[in-house]
Amino acid sequence: RRFLASKEEFHAFLRAGGEPGDRVGGGGEEEKDKEEKGQDKEEKEQEEEQISSRHREPPTKRVRAEEPEQDGENQEDAGAEEKERPERKRARGQNKSRPCMKPKHYEQSRLCPSVTQGCPGKCHFGPRCRFLHDVGEYLAGKPSDLGQRCVLFDTFGRCPYGVTCRFGRSHLGDGHQNIINATLAQQWEGKLLVRNNLPKELQQQLRKRKFIFQKAEEYLRGLQPRGGGKGGKATGCSTEEQEVSDCTAPQEGLGDGDTPQCPEQGEDPQAEAPSSRGDGDGPSIPTVGPLTDEDVTKLRPCERKKLEIQGKLYLAPLTTCGNLPFRRICKRFGADVTCGEMAVCTNLLQGQSSEWALLKRHHTEDVFGVQLEGAFPDTMTRCAELLNRTIEVDFVDINVGCPIDLVYKKGGGCALMTRSNKFEQIVRGMNSVLDVPLTVKIRTGVQEKINVAHKIIPKIREWGASMVTLHGRSREQRYTRSADWEYIAQCARIASPMPLFGNGDILSYEDANRAMEMGVSGIMIARQVPVGALIKPWLFTEIKEQRHWDISSRERFDILKDFTNYGLEHWGSDTQGVEKTRKFLLEWLSFLCRYIPVGLLEHLPQRINERPPYYLGRDYLETLMASQNVDDWIKISELLLGPVPPSFTFLPKHKANSYR
Numbered sequence: 001r002r003f004l005a006s007k008e009e010f011h012a013f014l015r016a017g018g019e020p021g022d023r024v025g026g027g028g029e030e031e032k033d034k035e036e037k038g039q040d041k042e043e044k045e046q047e048e049e050q051i052s053s054r055h056r057e058p059p060t061k062r063v064r065a066e067e068p069e070q071d072g073e074n075q076e077d078a079g080a081e082e083k084e085r086p087e088r089k090r091a092r093g094q095n096k097s098r099p100c101m102k103p104k105h106y107e108q109s110r111l112c113p114s115v116t117q118g119c120p121g122k123c124h125f126g127p128r129c130r131f132l133h134d135v136g137e138y139l140a141g142k143p144s145d146l147g148q149r150c151v152l153f154d155t156f157g158r159c160p161y162g163v164t165c166r167f168g169r170s171h172l173g174d175g176h177q178n179i180i181n182a183t184l185a186q187q188w189e190g191k192l193l194v195r196n197n198l199p200k201e202l203q204q205q206l207r208k209r210k211f212i213f214q215k216a217e218e219y220l221r222g223l224q225p226r227g228g229g230k231g232g233k234a235t236g237c238s239t240e241e242q243e244v245s246d247c248t249a250p251q252e253g254l255g256d257g258d259t260p261q262c263p264e265q266g267e268d269p270q271a272e273a274p275s276s277r278g279d280g281d282g283p284s285i286p287t288v289g290p291l292t293d294e295d296v297t298k299l300r301p302c303e304r305k306k307l308e309i310q311g312k313l314y315l316a317p318l319t320t321c322g323n324l325p326f327r328r329i330c331k332r333f334g335a336d337v338t339c340g341e342m343a344v345c346t347n348l349l350q351g352q353s354s355e356w357a358l359l360k361r362h363h364t365e366d367v368f369g370v371q372l373e374g375a376f377p378d379t380m381t382r383c384a385e386l387l388n389r390t391i392e393v394d395f396v397d398i399n400v401g402c403p404i405d406l407v408y409k410k411g412g413g414c415a416l417m418t419r420s421n422k423f424e425q426i427v428r429g430m431n432s433v434l435d436v437p438l439t440v441k442i443r444t445g446v447q448e449k450i451n452v453a454h455k456i457i458p459k460i461r462e463w464g465a466s467m468v469t470l471h472g473r474s475r476e477q478r479y480t481r482s483a484d485w486e487y488i489a490q491c492a493r494i495a496s497p498m499p500l501f502g503n504g505d506i507l508s509y510e511d512a513n514r515a516m517e518m519g520v521s522g523i524m525i526a527r528q529v530p531v532g533a534l535i536k537p538w539l540f541t542e543i544k545e546q547r548h549w550d551i552s553s554r555e556r557f558d559i560l561k562d563f564t565n566y567g568l569e570h571w572g573s574d575t576q577g578v579e580k581t582r583k584f585l586l587e588w589l590s591f592l593c594r595y596i597p598v599g600l601l602e603h604l605p606q607r608i609n610e611r612p613p614y615y616l617g618r619d620y621l622e623t624l625m626a627s628q629n630v631d632d633w634i635k636i637s638e639l640l641l642g643p644v645p646p647s648f649t650f651l652p653k654h655k656a657n658s659y660r
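In terms of UniProt numbering, the sequence shown opens at residue 1 and continues consecutively.
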């Protein structure tokens, strides 16, 4: 109780810089003590009332449920009462109108990349280039350096950002020449640290629609509706035919040297294997060297690479916050499996650089997958083939759990749970073109009290998915209330022998142990308000070592320092890279502030939906990290990345209604 504080005390402590004696009401007078106790009691009662009100059914839903039992007059009276009662607006969803800081806000004049790379005479745009080519003119308006040491120079022996680096004094010599540490640079020469980049040639092919999707087109030709009518049932293998064509068991009449042939869906079983020369039905595929059996013969499911991750800790794909630097932090603390952020398949097919950036994989991520979102079998199947041929992943995941309206109204995310025909075509199509396992992430259902996952999971297993991850909430629940682990356990029994990972409300090793006792194959440490990994990325260490880690504020600050170093490596050490790192750091701090230190808890462990009162930490830094004020998050970022640019503003992406 000695750590508890009122809102006024909390902010006064931070404003005073944490100096002793700054706590409001510390004079010891009896009247002030009584006033404080009265205020604390009132605040506690108000907070309890707010908490209970959040768990009540919203007024609009309650009125609708009572409508059949009311006559006209009673309905009018009830409506008048609802109007008179002041409604508290629920903070939910995204801050859609938040300010967007564009690169031109960070620096008005940018140096041409050709000058930064040391070849000013090779600018492709010549006199039409909109960037500066005079280093002296650029330096006159360049913001001051942020520190004495550049993490890129110290790590790799060379900073590719040269004079534009915001830590340039550590590696700029006479005449602003970029210094190179030859010994250190040689150690990293030829090593690929980040894979799955988007080559320019591939981007041009996608933008001009010249990329050839051979396998996807073969599958999609089999989905033509019968009779030519719109919306007819797709042709293709039935369940029994699919089981035969999957070749999961040895076929009779085949010798040791024979290879069974698997017909594609909707394809004549007697049809010949596709030729590299092409025919009238599709474009020809140029080949290099002789054609081998490996090029023509399709892999049987039993020959495909298996996903052996049972019992491992799986870091879920986290929109916005699950970037590569954050995944490196979690990997360091013991995450076994990582997955990139949700990528929209149509954006990938268009060659958008920002979308392809979500697929990047650090060399330390030994088991890595990507998650795709889409609503139609043609785009999802083509995208799966594209990724299968161009990037290195261990599995591909389909997002059937996204609850946001932007995705749901277009038929993607949770909406696929109600569109079983399209869902089946997507899973079968992607499975037919991938050489790596296909997984699916779903929720319990769309509506709050109507669970449908137990009906869909057996179908997903038949369609060819290798694993299912079940989030124990419906779309209507979003990230509020508690995850239904009893239902997850029921679905795990139904899914067998296919592995099922459970997801929701994992914030301690005790929560993880209870989840594993439910019979799931593993647990996913996930996002937003079951934020587990975002609140405490060291959760993976706690689970593996079976202990509560009372991590100090200094250790937590060192984690943030490592994140900024990883961010500068990934996004760059120039002004744009620094501000992008700051942006993602602030997004993470909007979740990290919800962590309550173990040494301050009345009972262990911390519950995911508990709303703590204001409290003072054991030191100033711990109190600062507990603040939910944006200005305090910016103050932390300035300790790591220097002062923010003029007119800088930040509003977190998610309002996070269920935690206040």
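Even glycine gets a Cβ: it sits at the ideal position worked out from N, Cα and C.
I need the straight-line Cα distance from residue i to residue j, nearest angstrom please.
{"i": "Phe540", "j": "Arg207", "result": "41 Å"}
{"i": "Ile506", "j": "Met380", "result": "31 Å"}
{"i": "Glu555", "j": "Leu192", "result": "30 Å"}
{"i": "Glu448", "j": "Arg481", "result": "11 Å"}
{"i": "Leu348", "j": "Lys210", "result": "14 Å"}
{"i": "Ser420", "j": "Lys459", "result": "9 Å"}
{"i": "Val520", "j": "Pro497", "result": "11 Å"}
{"i": "His133", "j": "Leu641", "result": "27 Å"}
{"i": "His603", "j": "Ser508", "result": "13 Å"}
{"i": "Glu424", "j": "Gly401", "result": "16 Å"}
{"i": "Leu4", "j": "Ala512", "result": "29 Å"}
{"i": "Trp356", "j": "Thr390", "result": "11 Å"}
{"i": "Cys112", "j": "Ile309", "result": "46 Å"}
{"i": "His363", "j": "Thr338", "result": "12 Å"}
{"i": "Leu406", "j": "Asn431", "result": "26 Å"}
{"i": "Arg361", "j": "Pro143", "result": "32 Å"}
{"i": "Arg130", "j": "Gly532", "result": "45 Å"}
{"i": "Pro224", "j": "Gly412", "result": "The question names Pro, but residue 224 is Gln in the sequence shown. Rounded to whole angstroms, Gln224 to Gly412 spans 21 Å at the Cα level."}
{"i": "Val194", "j": "Phe333", "result": "20 Å"}
{"i": "Thr469", "j": "Gly141", "result": "51 Å"}
{"i": "Ala483", "j": "Arg514", "result": "13 Å"}
When DSSP labels each residue in this structure, what does residue i get in the three-state scheme?
{"i": "Lys210", "result": "coil"}
{"i": "Glu137", "result": "helix"}
{"i": "His454", "result": "helix"}
{"i": "Gln371", "result": "strand"}
{"i": "Ile535", "result": "helix"}
{"i": "Cys339", "result": "strand"}
{"i": "Leu172", "result": "strand"}
{"i": "Glu183", "result": "Per the sequence shown, residue 183 should be read as Thr rather than Glu. Of the three classes helix, strand and coil, the one that applies to Thr183 here is helix, per DSSP."}
{"i": "Lys580", "result": "helix"}
{"i": "Gly502", "result": "strand"}
{"i": "residue 663", "result": "Because residue 663 is not part of the residues shown, which for the chain are 1 to 660, the question remains open."}
{"i": "Thr390", "result": "helix"}
{"i": "Asn347", "result": "helix"}
{"i": "His570", "result": "helix"}
{"i": "Lys312", "result": "coil"}
For residue i, which residues of its own chain have a beta-carbon under 7 Å away from its beta-carbon, when the five flanking residues on both sides are left out?
{"i": "Leu14", "result": "Thr623, Leu624, Ser627 and Asp632"}
{"i": "Asp378", "result": "Leu220"}
Once you ignore the five residues that flank residue i on each side, which residues in its own chain have a CB closer than 8 Å to its CB?
{"i": "Lys305", "result": "Asp394, Asp435, Val436 and Pro437"}
{"i": "Gln148", "result": "Phe167, Arg169 and Ser170"}
{"i": "Val446", "result": "Cys414, Ala415, Met417, Thr418, Val452, Ser474, Arg475 and Glu476"}
{"i": "Asn178", "result": "Gly118, Arg158, Cys159, Gly162, Val163, His171 and Leu172"}
{"i": "Leu146", "result": "Arg166, Phe167, Val578, Leu641 and Gly642"}
Going by beta carbon distance, what residues of the same chain come within less than 6 Å of residue i, once the five residues before and after it are set aside?
{"i": "Lys215", "result": "Glu385 and Val433"}
{"i": "Val598", "result": "His548 and Asp550"}
{"i": "Glu542", "result": "Tyr509 and Trp549"}
{"i": "Asn609", "result": "none"}
Our contact map puts residue i next to residue j with C-beta atoms below 8 Å; I'd like the distance itself, whole angstroms only.
{"i": "Ile525", "j": "Leu592", "result": "At roughly 15 Å, the Cβ-Cβ gap does not stay under 8 Å, so Ile525 and Leu592 are not in contact."}
{"i": "Thr575", "j": "Glu107", "result": "5 Å"}
{"i": "Met467", "j": "Thr439", "result": "4 Å"}
{"i": "Ser553", "j": "Leu586", "result": "With 8 Å as the limit, Ser553 and Leu586 do not qualify as a contact, their Cβ atoms being about 18 Å apart."}
{"i": "Thr116", "j": "Val163", "result": "7 Å"}
{"i": "Lys561", "j": "Trp571", "result": "Actually they are not in contact, since the Cβ atoms of Lys561 and Trp571 sit about 16 Å apart, beyond 8 Å."}
{"i": "Ala335", "j": "Leu315", "result": "4 Å"}
Inter-stretch contact at 8 Å, needing at least 3 Cβ pairs: the region 332-349 / the region 367-385 | Enough Cβ pairs lie closer than 8 Å, so yes.
Would you call the region 194-211 and the region 166-186 in contact, with 3 or more CB pairs under 8 Å?
-> no
Is there contact between the region 450-464 and the region 488-495, where contact requires at least three CB pairs shorter than 8 Å?
-> yes
So, do the region 150-161 and the region 320-338 have three or more beta carbon pairs nearer to each other than 8 Å?
-> no
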